[in-house]
Amino acid sequence: MLTPANFRTLCHRRQLAATHQRQVIYETVMSLPGHPSPEDIYDRARKKVPSISLATVYKNIRTFLDSGMLREVSLHHGSLRVESNPQPHHHLVCVSCKTIMDLDESGLGPLRFRRKLPRGFQVKRIAVDILGICATCASKRARKSRKL
Numbered sequence: 360m361l362t363p364a365n366f367r368t369l370c371h372r373r374q375l376a377a378t379h380q381r382q383v384i385y386e387t388v389m390s391l392p393g394h395p396s397p398e399d400i401y402d403r404a405r406k407k408v409p410s411i412s413l414a415t416v417y418k419n420i421r422t423f424l425d426s427g428m429l430r431e432v433s434l435h436h437g438s439l440r441v442e443s444n445p446q447p448h449h450h451l452v453c454v455s456c457k458t459i460m461d462l463d464e465s466g467l468g469p470l471r472f473r474r475k476l477p478r479g480f481q482v483k484r485i486a487v488d489i490l491g492i493c494a495t496c497a498s499k500r501a502r503k504s505r506k507l
């Protein structure tokens, strides 16, 4: 559980001010399932801090991403999404509803590069996105096609 003292320590290690709004935003991210968007975080955070703005949420998310407190999910899923899962993993992405689900790293075999990487390129992490249709969207499509 994230206590105010733990949050202050986490911020101190990353040389960030531990403000009340920052704490509410971070706690909100950690409490939301999956890969929330800034809008999802804002909707929940403003219940605790009604005066908070969407711009403040975006700014602080960027600060958390830059400091390594959070990770960004691939941008090509439609909008910025963040995640709090620090364990190595990949993603299953529904191309219809944009839902993103974690896939444990052991769910895929080892990844190897067939070619040498460009000189000086430093790999920070490898993330695989498997694009497809989730069960809910597939079911909706099947119902729709039966009606036609």
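Here this note's numbering is used: the first residue of the sequence shown is 360, the next is one more, and so on. Virtual Cβ for every residue (Gly too), placed ideally from N, Cα, C.
- CA-to-CA, the gap between Glu386 and Phe366 works out to about 9 Å.
- Within the model, the alpha-carbon separation for Phe423 versus Arg430 is close to 8 Å.
- When DSSP states are grouped into helix, strand and coil, Met460 belongs to the strand group.
- Taking the Cα of Thr415 as reference, the smallest distance to any Cα among Leu507, Lys499, Ile384, Cys456 is reached at Ile384.
- For secondary structure counted as the beta strand (DSSP E) over 3 or more consecutive residues, the region 366-448 holds these complete runs in sequence order: 430-432, 440-442.
- Between the region 437-449 and the region 393-411, the count of Cβ pairs shorter than 8 Å is three or higher; the stretches touch.
- In summary, Ile485 is exposed, with fewer than 16 beta-carbon neighbours lying within 10 Å of its beta-carbon over all protein chains present.
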